[in-house]
Amino acid sequence: MLILNKKQKPRILIVSNFYPPVFYGGYELGCAEVTQGLRERGFEVVVLTSSHRQEECKEEDSILRILPSLFGRNLSQFGAIDRFRQLLIHEYVTKRSFLATLREVQPHLVYFWNLSGLSRSLVEFAQLNHYSWGLFIFDHFWRDLNVDAWSRHVTTPANNLVRQFSRQCVLQLGKLMGIPPAQAMISPDFIHYPTIYLRQYHEGKSLNTSVWLKTDWGINTDLFKPPSTPAANPNRILYVGQVAEHKGVHVLIQALGQLRKQYNLQNLKLTLAGPCLSPTYRARLEELIAKCSLGDAVVWLGSMERSALPEVYAQNSILVFPSVWEEPMGIVILEAMTAGLAVVASRTGGVPELIDDGTSGLLFQPGDVKDCAEKVGRLFDHPGLLANLSQNARRTAKTRFQFSQVLDRISSDLLKRCSM
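Heads up: the sequence shown begins at 275 in the working numbering, then just goes up one per residue.
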């Protein structure tokens, strides 16, 4: 373990599956913002990320796009032997790339972010080589061994002799190559987390550490701010994020279909700002839009640069966050609150920790079309409520969810750990 001396800058190795301009959600964007903030505070930061879509990225100092990724690969199409062979290669290349980076960078601390599509073995290698290391958890990755491809395939009971034999061969080869066995419980030196929900979800089940540091997430309130004349038209409704089934966009469309009938809304506009990676789900939504008579109301913006989002928020009055899965947090909610939108969100995962129901936003039961429609409908029935929620949301964001506060907390803890 390297110890910081007074003449050195603290040197951090951040590991993330993606890093902008390659990203698919708030986890990767948050990682980039923290990286930039730490550099501005005097840290030397090297980012190790995957080679996924590497050809789209220009070379940058201290950003290493070399880790193999399984993102988007369907290994189930291969037979057992070929599948295990590919996983073994993936783990071996991961090991070589990571250990070479550790030797080159010599970090005082390794800070892991989103590892989905990479390998859980990365944290094992950090620990085996006596590096101080920790996590910023923003999702459910660490709870279930099955999320990690290697762990899933070497721990799932074999249902035939070929699979059993090939798995035993791969496990022995992995052992010879120095690939650590899958561990159901890992023990980081520290964990940063943004919601109590995430700690309760993981603690004692998959993550074991005595150091849990709650770090409320934050937003740049100078970047996301309400227009000089806040919009007061409830007809302008916004969805931001991946257009995917677990995000519940179908619930929102059905709810707005009900509202259009109920209020005879001729000028309703729903803006969908985010990528849809599933053609099947896109087709399903298009059918729903037609069925709900919303063809003239829905605008698809697709994937967007984050720098373009403040203008999109400024053009709308209500953000609906309709997730049907256990949402770890919801950066989009904080952006919308900071921009002065009224937020209507599903009561799932860590979302209720962000919104004071009835004061800084409205909550509805996940997957409940009727409840979603009723909560959005309140803003049509009571214009004063729309204005109050907007003002309270902005006030809450400025006092509790400032990104500078996040950086202060993270940088202070990392500096202390680099010096231990």
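For glycine and all other residues, C-beta sits at the position ideal for the given N, C-alpha and C.
task: Less than 8 Å between the CB atoms is what I'm expecting for Ser-620 and Val-598, so what's the real figure, rounded?
output: Position 346 of the sequence shown, counted from the start, is the residue given in the question as residue 620. Position 324 of the sequence shown, counted from the start, is the residue given in the question as residue 598. At roughly 7 Å, the Cβ-Cβ gap stays under 8 Å, so Ser-620 and Val-598 are in contact.
query = Taking buried to mean at least 16 other C-beta atoms within 10 Å of its own C-beta, is Pro-596 buried or exposed?
reply = In the sequence shown, the residue the question calls residue 596 occupies position 322. So Pro-596 counts as buried.
- For Tyr-366, does the three-state DSSP call read helix, strand or coil? Counting from 1 along the sequence shown, the entry for residue 366 is found at position 92. It is helical.
- Per-residue DSSP class, three states only, for Gly-478: The residue you call residue 478 lines up with position 204 of the sequence shown. Three-state DSSP puts Gly-478 in coil, outside helix and strand.
*asked:* Quick test of the definition: if touching needs 3 or more C-beta pairs under 8 Å, does the segment 542-549 touch the segment 567-579?
replied: yes
For Ala-661, three-class secondary structure by DSSP:
Here residue 661 refers to the residue found at position 387 when the sequence shown is read from its first residue. In this structure, Ala-661 counts as helix in the three-state DSSP scheme.
With a cut-off of 8 Å, do at least 3 Cβ pairs link the segment 397-416 to the segment 453-464?
yes
ask   = Whose C-alpha, out of Phe-358, Asn-348 and Pro-294, is nearest the C-alpha of Leu-338?
value = For this step, residue 338 is matched to residue 64 along the sequence shown. When each option's Cα is compared against that of Leu-338, the closest is Pro-294.
Can you round the beta-carbon distance between Gly-304 and Trp-491 to whole angstroms, since I take them to be within the 8 Å contact cut? Against the sequence shown, residue 304 aligns to sequence position 30. Against the sequence shown, residue 491 aligns to sequence position 217. Confirmed, Cβ separation roughly 7 Å.
What span of residues does the alpha helix (DSSP H) with Lys-644 cover, start to end? Looking up residue 644 in the sequence shown gives position 370. Run containing Lys-644: 643-655, per the alpha helix (DSSP H) assignment.
- Would you give the residue range spanned by the beta strand (DSSP E) that Thr-323 belongs to? The residue given as residue 323 occupies position 49 in the sequence shown. Start and end: 318-324.
(Q) Please identify the residue among Gln-536, Ile-605, Phe-358 and Ala-306 whose C-alpha is closest to the C-alpha of Gly-448. (A) Indexing the sequence shown from 1 puts residue 448 at position 174. Closest by alpha carbon: Phe-358.
Exercise. Pairing CB atoms from the segment 462-482 with CB atoms from the segment 577-593, are three or more of them under 8 Å?
Worked result: no
**Message:** Between Ile-684 and His-326, how many whole angstroms is the CB-CB distance? I'm expecting something under 8 Å.
**Reply:** Locating residue 684 in the sequence shown gives position 410, counting from the first residue. Locating residue 326 in the sequence shown gives position 52, counting from the first residue. Not really, about 26 Å apart at Cβ, beyond 8 Å.
Since His-524 is in the alpha helix (DSSP H), which residue starts that stretch and which ends it?
Indexing the sequence shown from 1 puts residue 524 at position 250. Counting along the chain, the alpha helix (DSSP H) containing His-524 begins and ends at 523-537.
(message) Tell me the rounded alpha-carbon separation between Ser-693 and Ala-547.
(response) On the sequence shown, residue 693 is found 419 positions in, with the first residue counted as 1. On the sequence shown, residue 547 is found 273 positions in, with the first residue counted as 1. Distance between the alpha carbons of Ser-693 and Ala-547: 43 Å.
Next on the checklist: For a test of the three-state rule: what should DSSP assign to Thr-309, helix, strand or coil?
Outcome noted: Residue mapping note: residue 309 aligns to position 35 of the sequence shown, counting from 1. Three-state DSSP puts Thr-309 in a helix.
Closest by CA to Met-603, which one among Gly-300, Glu-378 and Arg-285?
Taking the sequence shown and counting its residues from 1, the one referred to as residue 603 is at position 329. Looking at the Cα atoms, Gly-300 is the closest of the given residues.
Could you tell me whether the Cβ of Asp-645 comes closer than 7 Å to any Cβ of chain D? Absent here is chain D; the protein component of the structure consists of one chain.
(request) Within its chain, find whatever has a CB closer than 7 Å to the CB of Thr-495; leave out the 5 residues flanking it on each side and keep chain order. (result) Translated into positions along the sequence shown, residue 495 becomes position 221. So the qualifying residues of the chain are Thr-612, Ala-671, Lys-672 and Gln-676.
**Prompt:** Opposite Thr-233 in the DSSP bridges: which residues?
**Reply:** Coverage of the chain is limited to positions 275 through 694, which leaves residue 233 absent and any answer about it impossible.
Restricting to runs no shorter than 4 residues, where is the alpha helix (DSSP H) found entirely within the segment 586-612? 605-612
Item checked: Outcome for Asn-388 when other beta-carbon atoms lying within 10 angstroms are tallied against a minimum of 16 -> Sequence index remark: in the sequence shown, residue 388 carries index 114 (1-based). When all chains shown are included, Asn-388 counts as buried.
Using C-beta distances below 6 Å, list every residue in its chain close to Leu-409, excluding the 5 sequence neighbours before and after it, in chain order.
Here residue 409 corresponds to residue number 135 of the sequence shown, with the count starting at 1. Result list for Leu-409: Phe-386, Pro-462 and Ile-465, in chain order.
**Message:** Can you confirm whether the segment 310-324 touches the segment 410-430 when touching is taken to mean that 3 or more C-beta pairs between the two stretches lie within less than 8 Å?
**Reply:** no
Heavy atom of the ligand SAH within 6 Å of Met-459 beta-carbon
As presented, the structure is devoid of all ligands, the ligand SAH included, so that no description of it is given.
| field | Outcome for Gln-528 when other beta-carbon atoms lying within 10 angstroms are tallied against a minimum of 16 | value | Here residue 528 refers to the residue found at position 254 when the sequence shown is read from its first residue. Looking at its Cβ environment, which holds 16 or more other Cβ atoms inside 10 Å, Gln-528 is buried.
Are Phe-415 and Ser-390 closer than 7 Å when you measure CB to CB? Residue numbering aside, residue 415 sits at position 141 when the sequence shown is read from its first letter. Residue numbering aside, residue 390 sits at position 116 when the sequence shown is read from its first letter. Contact: yes.
If you drop the 5 nearest sequence neighbours on each side, which residues of the same chain put their C-beta closer than 8 Å to that of Asp-687? Residue 687 sits at position 413 when you count from the first residue of the sequence shown. Counting only Cβ-Cβ distances below 8 Å, and skipping sequence neighbours, we find Phe-464, His-466 and Leu-487.
_Bridge partner(s) assigned by DSSP for Gln-676_ = By 1-based counting over the sequence shown, the position of residue 676 is 402. DSSP lists Ile-493 as partners of Gln-676.
Cβ-Cβ distance between Leu-322 and Val-296 below 7 Å
Within the sequence shown, residue 322 is the residue found at index 48, counting from 1. Within the sequence shown, residue 296 is the residue found at index 22, counting from 1. Not a contact, by the Cβ cut-off of 7 Å.
### Message
My output table needs one value for His-466: the three-state DSSP class, helix, strand or coil.
### Response
As a working mapping, residue 466 is identified with position 192 in the sequence shown. It is a strand residue.
By the DSSP assignment, the beta strand (DSSP E) with Ser-620 in it spans what residues?
Taking the first residue of the sequence shown as position 1, residue 620 is located at position 346. Taken as a continuous stretch (DSSP letters only), the beta strand (DSSP E) holding Ser-620 covers 616-620.
query: Glu-609 to Phe-498, Cα distance in whole Å?
result: In the sequence shown, counting from the first residue as 1, residue 609 sits at position 335. In the sequence shown, counting from the first residue as 1, residue 498 sits at position 224. One C-alpha to the other measures close to 6 Å.
Taking 7 Å as the limit between beta carbons, can you name the residues of its chain near Ser-336, skipping five residues before and five after? In the sequence shown, counting from the first residue as 1, residue 336 sits at position 62. Correct list, in chain order: Val-319, Val-320 and Val-321.
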